[in-house]
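In the UniProt record's numbering, the protein residues as written are 1 to 745.
Quick reminder that beta carbons are idealized off the backbone N, C-alpha and C, glycines included.
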């Protein structure tokens, strides 16, 4: 049993050593036997290298007992049990002894190996620091593939000859947390054809960037080329890789190559194709050769060589008489003169080739006896070119002269998608749709057709003749009206399907004038003035949501125009207001939505009515005992119910000299607001009443005003004469006060 080289750093490099822990001055590689320094650990000790281990102690630190743990892949470990008592710190120097296993050595893609009998390439590299040359195990970088997802990523070994490959060791990137978690292996002999190891099943790779994971192939293989193909990874496809194997054939393999020869184009000339094979000595079965032409096995050919002889048989000639007929939108019948192969021609087939200007050509294979073919599923309104060719095993003949035709039009295969229908004004709606796919138009574009209608109305149409214009504003619509809109596209001969209906409403506008404006008058009563009753109804065209009605009435009186404006809600259609009798009134009303509409107006004159009240503020002024001035305030127009034509004053004597004395009334008419009552009887009580007259008649009398005429003073200078037996004579003079009015004593 020999040393495997743990003590020699040129055999097993320092980077192959690792430990669970160590003192700062004691690295894992110090554990080599015969070294000047020993690895000393501070905690539970674990020293890892390849194969077995032996120990030697320092004077003050040594291992008294130990355990051995081994692994074939640096992932799965097994213990060889021993006592594990220690003195001081755990210190150890090691050499390993064992027997070299056959064909399990690394090929040498490892940091520190100077001469490598192979080359390493890759499908791509991330950058200059992550090229295939950086893929060495324990190296300071790694190979990383490019970030492009367009190609298959791989790292490739070329050994220059066929070798045996028995295992693989992998690491991640030396700096960043990048590693391959799953990968596959393929191999080959010529760099062109590849075989998948284990059917392409992925192998488990790394779970961190630094650990070395070894996978031994259960079935080693022979190959010149080996590819490692990353399948899944952490962060990026980065690897450091070495392979295990040997440079002789330890497994059975077979390599086959057929020589390339040139056959002269001379009748009767021949050449031989030789099948060259390589195989290992362990080939278990005799080789069986099989030759195939166009995928079909050649009978009676089973040796390692095949002789091919050149014959002067002719290719087929050109097909003639090609024509077309019965052209429709999607079909055409193509006919040609029947082709009869000559005696020196091989069996022949017919190929029809046709294409339009926008798609790849189509090929249809037919028997040599065919002379017609109906082409189907053509594109409507498309230019086609069709040619026919005869072919044989010797090759293809010449294509016939091309026959060109244009398929007929068909209904467009486009349902327009309407994106927007919006009322932009009170009489227009904006419509927008997606542009047609001209490939589905199936004919020359003529127009877009827009159909629109009211809910129960007839359909109306608008056209857009520019294919690039995908919008239109429909004018002259009804105000504040809901429309249903749809669009279709039309070619020269056919119309496409309608789009689904979209609805839109024109905007609000001013309404039309209210209808049925009527003015009627209400007669005055004793306590009320005459009134005008105004009624109306909704406009014929509301053109929106009516928010209110506005009523205006005005009149001119005494040279002054008086105007009044009132508003009602949208559901009120009547209004009353006081008027002046005998005056002309102008009444108008309009409706309002977002803005006011036009007015409906009428002019009416108020009838003249009798005054509804009597004059007031009646007063009297005495001129003498029998003459009085009667005055009153004029009756206003609001009270008179018309122009006052005259006032009538009535006086009635009700008392005289203290006794009731009802006399016939007297009347005085005047256009003024005063009258003088004359020739009243002194010492009498009068009741005076006043009323006004219009052209309609007299109004009520006012409450009576009482007038008491003055009595004369006492007689003056009364004297008694000489009395007689039975009489006496009295004399007197007229009273000094009102003596002239005395009628009797």
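Buried versus exposed call for residue i [16 or more other C-beta atoms within 10 Å across all chains shown]
i: residue 196; result: exposed
i: residue 407; result: buried
i: residue 529; result: buried
i: residue 173; result: buried
i: residue 127; result: exposed
i: residue 416; result: buried
i: residue 221; result: buried
i: residue 772; result: Residue numbering for the chain in the displayed model covers 1 to 745; residue 772 lies beyond these limits and cannot be assessed.
i: residue 745; result: exposed
i: residue 171; result: buried
i: residue 240; result: buried
i: residue 651; result: buried
i: residue 724; result: exposed
i: residue 769; result: Within the shown structure, residues of the chain are numbered from 1 to 745, placing residue 769 beyond reach of any answer.
i: residue 216; result: exposed
i: residue 363; result: exposed
i: residue 630; result: buried
i: residue 207; result: exposed
i: residue 659; result: exposed
i: residue 261; result: exposed
i: residue 361; result: exposed
Element boundaries [alpha helix (DSSP H), containing residue i]
i: residue 372; result: First-last for residue 372: 372-375, but that is the beta strand (DSSP E), not the alpha helix (DSSP H).
i: residue 638; result: 637-640
Residues near residue i by beta carbon distance below 6 angstroms, same chain, minus five either side
i: residue 693; result: 645 and 646
i: residue 498; result: 486 and 488
i: residue 552; result: 565 and 588
i: residue 306; result: 273 and 291
i: residue 243; result: 107, 165 and 168
i: residue 357; result: 383
i: residue 317; result: 397
i: residue 370; result: 350
i: residue 236; result: 144 and 178
i: residue 132; result: 120, 121, 122 and 143
i: residue 202; result: 182, 184 and 231
i: residue 304; result: 275 and 289
Paired residues, beta bridge with residue i - DSSP
i: residue 378; result: DSSP output for residue 378 lists no bridge partner at all.
i: residue 678; result: Looking at the DSSP assignment, residue 678 forms no beta bridge with any residue, so it has no partner.
i: residue 592; result: 548 and 596
i: residue 694; result: 697
i: residue 569; result: 548
i: residue 485; result: 452 and 502
i: residue 216; result: 167
i: residue 238; result: 144
Check: residue i C-beta below 7 angstroms from any heavy atom of the ligand PLP
i: residue 468; result: Absence of the ligand PLP is noted for the structure shown, with no ligands found whatsoever.
Beta-carbon contacts of residue i that lie in its chain and below 7 angstroms, excluding the five residues immediately before and after
i: residue 607; result: 521 and 581
i: residue 733; result: 715, 716 and 717
i: residue 493; result: 409 and 443
i: residue 372; result: 333, 334 and 335
i: residue 191; result: 225
i: residue 704; result: 687, 688 and 689
i: residue 477; result: 427, 428, 429, 483 and 506
i: residue 728; result: 720 and 721
i: residue 563; result: 552 and 554
Endpoints, the beta strand (DSSP E) within which residue i is located
i: residue 324; result: 323-325
i: residue 181; result: 179-188
i: residue 420; result: 418-425
i: residue 619; result: 619-624
i: residue 211; result: Per DSSP, residue 211 belongs to no beta strand (DSSP E) and is neither H nor E.
i: residue 541; result: It is not in any beta strand (DSSP E) - residue 541 carries neither H nor E in the DSSP assignment.
i: residue 710; result: Element bounds for residue 710: n/a, residue is neither H nor E.
i: residue 578; result: 574-578
i: residue 160; result: 155-171
i: residue 732; result: 730-733
i: residue 630; result: 627-631
Close beta carbons around residue i, own chain, < 8 angstroms, minus the five adjacent residues each side
i: residue 640; result: 581, 611, 692, 694 and 699
i: residue 585; result: 519, 532, 553, 554, 555, 579, 603, 604, 605 and 606
i: residue 619; result: 630, 631, 632 and 705
Does the region 188-208 come within contact of the region 140-150, defined as at least 3 CB pairs closer than 8 angstroms? As far as the Cβ criterion goes, the region 188-208 does not touch the region 140-150, which means the pair count is below three.
Can you confirm whether the region 132-140 touches the region 177-190 when touching is taken to mean that 3 or more C-beta pairs between the two stretches lie within less than 8 angstroms? Verdict: no, contact absent.
For the 8 angstroms Cβ check, are there 3 or more pairs between the region 557-577 and the region 527-545? Yes, they touch.
Can you confirm whether the region 618-633 touches the region 585-603 when touching is taken to mean that 3 or more C-beta pairs between the two stretches lie within less than 8 angstroms? These segments do not touch.
Per the contact definition of three or more C-beta pairs closer than 8 angstroms, is the region 450-467 in contact with the region 377-391? These segments do not touch.
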